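J.: Protein chains in written order, with the numbering used here: chain A, 27 to 564; chain B, 10 to 404; chain C, 3 to 180.
Positions of the beta carbon are idealized from the N, C-alpha and C atoms, including for glycine.
All of these numbers come straight from a predicted model, not from anything done at the bench.
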Amino acid sequence: MGKVKCECGHVNPNGTILCESCGRALTEKAKQEKLVDMRYEGSARRSQTYNKTIIDKVWNFFSSVKVGIWIIVLLLVAASFGTILPQEFYIPSNMPAETYYEDVYGVFGKIYYMIGFHDLYNSIWFSALIAALGVSLVIASLDRVIPLYRALKNQRVDRHETFMKKQRLFAEQEGVLQRGEMEKVRTELMKKRYKIREENGSLLAEKNRFSRWGPYVNHVGLIIFLFGALLRSVPGMYIDELLWIREGETLQVPGTDGAYYVKNNGFTLENYEEGEDPEVFDEAIDRVGTVAKNYQTDAVLYRDANNELPGADPELTEVQTESIQVNQPMKFDSFAVYQTSFRQDEMKAMHFALTNKETGEEFGGIVVDLFDQQESYDLGSGYKVELRGYYPDFDGFSESGEPTSKSPLPNNPAFLFNMITPETPDGEVSFAQIRNTMEPLGENEYKMAFKNLETRDVSALTIRKDLTLPILALGGIIFMIGVIQGAYWNHRRLWIREKEGHIYVAGHTNKNWHGLKREIHSVLNGTAIPEPEDRQKD
Amino acid sequence: MSDLAGVSSTLLYAAFLLYLVATFLFGGSIRQKGLRDGEGLNRWGRLGITVTIVGFAAQLGYFFTRWAAAGHAPVSNLFEFTTFFGMMIVGAFILIFFIYKTVVLGLFALPIAIIIIAYASMFPSEISPLIPALQSDWLHIHVTTAAAGQGILAISFIAGIIYLVKNIDQSVSTKKTKWLEAVMFFIVSVVAFILITSGFALADYKAEFEYVNKEDVAAQQEFTLPALVGPNEGTLLTEGKMEPLADMPAFINAKKLNTVLWSLAGGVILYGLIRLVTRKRVAALLQPLVQNVSSDLLDEISYRSVLIGFPVFTLGALIFAMIWAQIAWTRFWGWDPKEVWALITFLFYAAFLHLRLSKGWHGERSAWLAVIGFGIIMFNLVAVNLVIAGLHSYA
Amino acid sequence: MDKKKKRLYMRTAILAVLAGLVVYALYTNVTKESRGNLAAGEKAPDFVLTDLNGETHQLSDYEGKGVFLNFWGTWCEPCKEEMPHMEKLAKEYEGQVEILAVNVGESNFQVNNFAKQYGLTFPIAIDSGKEVMDTYGVDPLPTTFMIKPDGTIDQIVIGGLIQEEQVRALFERVKPSS
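1. Ignoring anything shorter than 4 residues, give me the alpha helix (DSSP H) runs that lie fully in the segment 153-207 of chain A, in order along the chain.
2. For a test of the three-state rule: what should DSSP assign to VAL140(C), helix, strand or coil?
3. Of the choices LYS7(C), ARG13(C), ASP156(C), whose alpha-carbon is the least far from that of VAL164(A)?
4. Grouping DSSP H, G and I as helix and E and B as strand, with all else coil, what is MET216(A)?
5. Under 9 Å between C-beta atoms, does MET27(A) make it to chain C?
6. Which residues in chain D sit within 9 Å of GLN459(A), going by Cβ to Cβ distance?
7. Do the CB positions of LEU173(B) and VAL315(B) come within less than 9 Å of each other?
8. Give me the residue from ASP145(A), ARG523(A), ILE311(A), GLN354(A) with the minimum Cα distance to GLU187(A).
9. Determine, using beta carbons only, whether ILE497(A) and VAL363(A) come nearer to each other than 9 Å.
10. Check the Cβ-Cβ distances between ALA127(C) and every residue of chain A, and say whether any is below 9 Å.
11. Which two residues bound the contiguous beta strand (DSSP E) that contains ALA127(C)?
12. What are the start and end residues of the alpha helix (DSSP H) that includes GLY162(C)?
13. To be precise: take each residue of the segment 133-144 of chain B, compare its Cβ to all Cβ atoms of chain A, and keep it if any distance is under 7 Å. Which residues remain?
14. Measuring CB to CB, does PHE65(B) end up less than 9 Å from GLY100(B)?
15. Does GLN159(B) come out as helix, strand or coil in the three-state DSSP assignment?
16. Report the option in GLY281(B), HIS151(B), LEU114(B) whose CA atom is closest to the CA atom of PHE194(B).
17. Label GLU108(C) either buried or exposed according to how many other C-beta atoms from any shown protein chain fall within 10 Å of its C-beta, with 16 as the threshold for buried.
18. Tell whether a beta-carbon distance below 9 Å holds between PHE73(C) and VAL104(C).
19. Pick out whichever of GLN112(C), GLY68(C), GLY75(C), TRP77(C) has its Cα sitting closest to the Cα of LEU91(C).
20. Check GLY390(A) in the structure and name its three-state DSSP category.
21. From which residue to which residue does the alpha helix (DSSP H) around TYR280(B) run?
22. DSSP three-state label for TRP270(A), please.
23. Identify every residue that forms a DSSP beta bridge with SER402(A).
24. Spatial neighbours of SER17(B) within its chain, please: CB distance less than 7 Å, with the 5 preceding and 5 following residues excluded, ordered by chain position.
25. In whole angstroms, what is the alpha-carbon distance linking GLY43(B) and SER198(B)?
26. DSSP state of GLU465(A), grouped into three classes?
27. Would you call LYS347(B) buried or exposed, if buried means 16 or more other Cβ atoms sit within 10 Å of its Cβ?
28. Specify whether the segment 514-523 of chain A and the segment 154-172 of chain A touch according to this definition: at least 3 beta carbon pairs, one from each stretch, less than 8 Å apart.
29. For ALA14(B) and TYR28(B), I'd like the C-alpha separation in whole angstroms.
30. Would you report the Cα separation of ARG45(B) and GLY142(A), rounded to the nearest angstrom?
31. Could you spell out where the beta strand (DSSP E) holding THR430(A) opens and where it closes?
32. Quick one: grab the DSSP three-state call for THR247(B).
33. Using beta carbons (cut-off 9 Å, strictly below), is GLY131(C) in contact with chain A?
34. Just reading off the beta strand (DSSP E) that GLU344(A) is part of, what are its end residues?
35. Is ASP324(A) close to chain B, meaning its C-beta is less than 9 Å from at least one C-beta of that chain?
36. Counting pairs of beta carbons, one from the segment 94-111 of chain B and one from the segment 142-158 of chain B, are three or more of them closer than 8 Å?
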């Protein structure tokens, strides 16, 4: 595989279209075209030079911009499919996905679920597409950056006139360059921050070459971002836990290996109120009903000195006290604790009074803590209530007549009491619920009258640690720098050359031709040097 | 306080009227070509851009007085966001106008902005308090930047559509003329939607329905347009209103579908009338207006707008969005439909830039891409908020 | 050509690295559901709990014996069914296989009441902060971990053990070979 030697003597890598040095067209195709293709300065893309082994073929595949564009298009089309119906993680969590999609969306929903679109973004093929994008970014960038660097570095000032003739902005005129005029052109160009090189009576003015590196910089940013996203699955990098915590409870913070505990000192839900909040909101509150103003958990964070074994009694020291609100997570170490959800008014304790059914006389009240019951409650003077059984989520009786509970949560608490009074020293059995009492062992003289209910709120906190964030941030910043560098500046060049009684002027920019034309106009205005014309005009 | 809110709505109304006036002024100045240095604008053009700037200033006045009245930047619901988006289109137009001095751009950009602001006013416009998730400075940063990016990208669409109106041969019926007419029909339908909705709102049309929602629970829904389609197992509660022609299954929001049907029907009638009266395609009607502008310049404006808008959009709609999502929703990315469509927009314009840079898609192809890109932006604004439910459905 | 060869090696190396990353990404994507869960063969995580009689039990103290580590709740029907088998076999295998029944954070009253009702004598501890339960990644109840004398998990049984023979078979597997 040979090198290509240009007439000017420069040796170019195989596959080069325009001589890196003088700009002569090297291929037949380039020689025939009216305007040269200035992508990568006509230099040889590495991948185009070989195509032999499988490695080279794979390399060339991912290096191709066409393939890259296809990957982008496939990704965006695929991503759109996932928004047709809600994804699995957004459907109500109490409904199984198997039936939810069919129940709610009919046959279409069933098909959607069957082809796996309900969890599209976690599917292996979607991940594979993103991976393909990553590979394409790496290879395509590697393949182009070095040749472009070479071409930009090696360019000569006195480009061959065929190169100039094939530029989009070009003018040719008989004449010679006047010293004074050139001086003026130079000053004008300098004012516009052009870097000027002169050789053999030729001039090359160039500025903002760095903008050519924009695409590579932003691709590096994207690669770093994708790499950061990949790191998330490395153990220890990422923790995402949900903690339901009742008011007053102190619980281990999941994900911290027992090193931290958190206490819920109270949950607050505030709504906007007419009269209290600015009057301008009244109309909106009227229309919508209620608008939430604040969700807040007053939390205390503790460190546990005795955290080697799960289950061991903690030795807690307070670390910080904070009000966790939406948009204001509590932070410690590399963790953040967020206010995520809540459940209001979970039952906490029930008040009963031992009551004579006939007279209605009460012989003292008891409070049953639904999370910590006593075996018996002594009311004094021979009155006593024994607790025989507690069913937090009562849902009927088993075949053997035993009351059953369907969960450990106090959703529908029921109690089996034995009431001991001076008249009934052996006790009377009463089965008590909030609205209902039963007397399973025959008519009683006394009953446990339900008095009162204590409730409390349960707050859901998300505990998250994400050590990939700094990497993602770095990737994001580099990407933005690259995009801005490439988009807000443009690489402009102006060639002026005199040869054999002719003046040649050519201009090139990678984008924003209008701006370049205006700039050249103001530089050459009032000189005898011809102003280059745009030859791509319709 | 409410005085300030009153001043605010007056200013928005003023801005709307000024944009309308400016459109006619630009209409008067289109005889002039896209300008080069040294050539001045004609009197009409100067007046047009002046009125546009005054209108923009009035809308900025609306924005800041409303901000003062509410205590937060007015970008928190569909009315406010869409209005702001309209303002950003005008702002982007002013910016591009001062680079390229092309009056014909104003002739198209301002009507689009006007339609968008009118569309915004179809949503409840009272000042609403911020729910906890929105109580953050990132609301201002993220939403304004994203809207600015979209506004600049919209100019790319406007330049693209002018390019297509100018360059597509209207003497024969081709696939291209049909697609262009589809775009025109869509715009006409939005106008129809605005007219119909405003009309029935003026007549105070309200029809209450009781129906069974998708959770199998009885619910009520108020229709503000006569129901062509009614909700699932719906019964009309308000007397003397139109009975629906058909009931929809529970998972379809009948009210929204009804609005879409009305808009399409209105669009068909309005578009049909235009065609009947003029005996020409809408694009052919517009073609004489754009004859004097250089196609090459339009192509450049379209491309340049993408170059300017793409970084702004990425920063606002993806990067700032991710930062805020990490703070408010505990994760920077959660595949919420709005997020996904922002990503799709990003990917689309990335593909656009690659096609242009590497595959040489200039001129007409590039113009079509600009039109599709704007279609994606509008889909994200309209459909994702109204049709696909997600975390961003605030209105 | 030497240079060409070098380039080929370079490309091969880069592609290999990329392929490795891609495979890792896809692998972790596929396995993320089950990541972090205990599996048979792994070492059973140590813990310490206090039983109803106030005695502390640390798992590592049982090394040399088989352990029947059972997570249960008073409301759970299958838990009720397997308790009598457990009680019977606990006595039979005394000194060889120990039962440790971990209640998932109910009240003392409920657990005591239950133990009384079923006449249970093996150690029962309440995991009030659900720390042990979380460590073992227990979801449905009952879940039983059969732990071998060397402290590794022999088997994880999810769901109730209705037949005495099933329980016996489990005991047999983890009893120390004398």
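T.: Walking through what the data contain:
1. 187-191
2. Three-state result, VAL140(C): coil.
3. ARG13(C)
4. helix
5. Confidence is the limiting factor: at MET27(A) the pLDDT is only 46, short of 50, which leaves the residue's position unreliable, though a coordinate-based value still follows. Chain C contact via Cβ: present.
6. Among the protein chains in the structure shown, which are A, B and C, there is no chain D.
7. no
8. Considering only alpha carbons, the answer is ARG523(A).
9. no
10. Chain A, which has a Cβ nearer than 9 Å to the Cβ of ALA127(C), makes this yes.
11. 126-128
12. GLY162(C) -> no alpha helix (DSSP H), and no H or E assigned at all.
13. Within the segment 133-144 of chain B, contact with chain A at the beta-carbon level (separation under 7 Å) is assigned to PRO133, GLU135, ILE136, SER137, PRO138, ILE140, PRO141, ALA142, GLN144.
14. yes
15. helix
16. With distances taken between Cα atoms, PHE194(B) lies closest to GLY281(B).
17. buried
18. Contact flag set, yes.
19. GLY68(C)
20. DSSP, reduced to helix, strand and coil, places GLY390(A) within a strand of the structure shown.
21. 263-287
22. strand
23. SER402(A) pairs with GLU412(A).
24. TYR71, THR74, ARG75, ALA78
25. Any reading at GLY43(B) must be qualified, since the residue scores a pLDDT of 47, below 50, and its modelled position is unreliable; the value itself is stated next. The C-alpha of GLY43(B) lies about 31 Å from the C-alpha of SER198(B).
26. Residue state, collapsed to three classes: coil.
27. With 16 or more other Cβ atoms within 10 Å, it is buried.
28. Under the 8 Å Cβ criterion, the segment 514-523 of chain A does not count as touching the segment 154-172 of chain A, having fewer than three qualifying pairs.
29. ALA14(B) and TYR28(B) have their C-alpha atoms roughly 21 Å apart.
30. With a pLDDT of 47 at ARG45(B), under the threshold of 50, the modelled position of that residue is not reliable, and the figure given next carries that caveat. Each residue's alpha carbon lies about 57 Å from the other.
31. 429-431
32. Assignment of THR247(B) by DSSP, reduced to helix, strand and coil, places it in the coil class.
33. yes
34. Run containing GLU344(A): 342-351, per the beta strand (DSSP E) assignment.
35. no
36. yes
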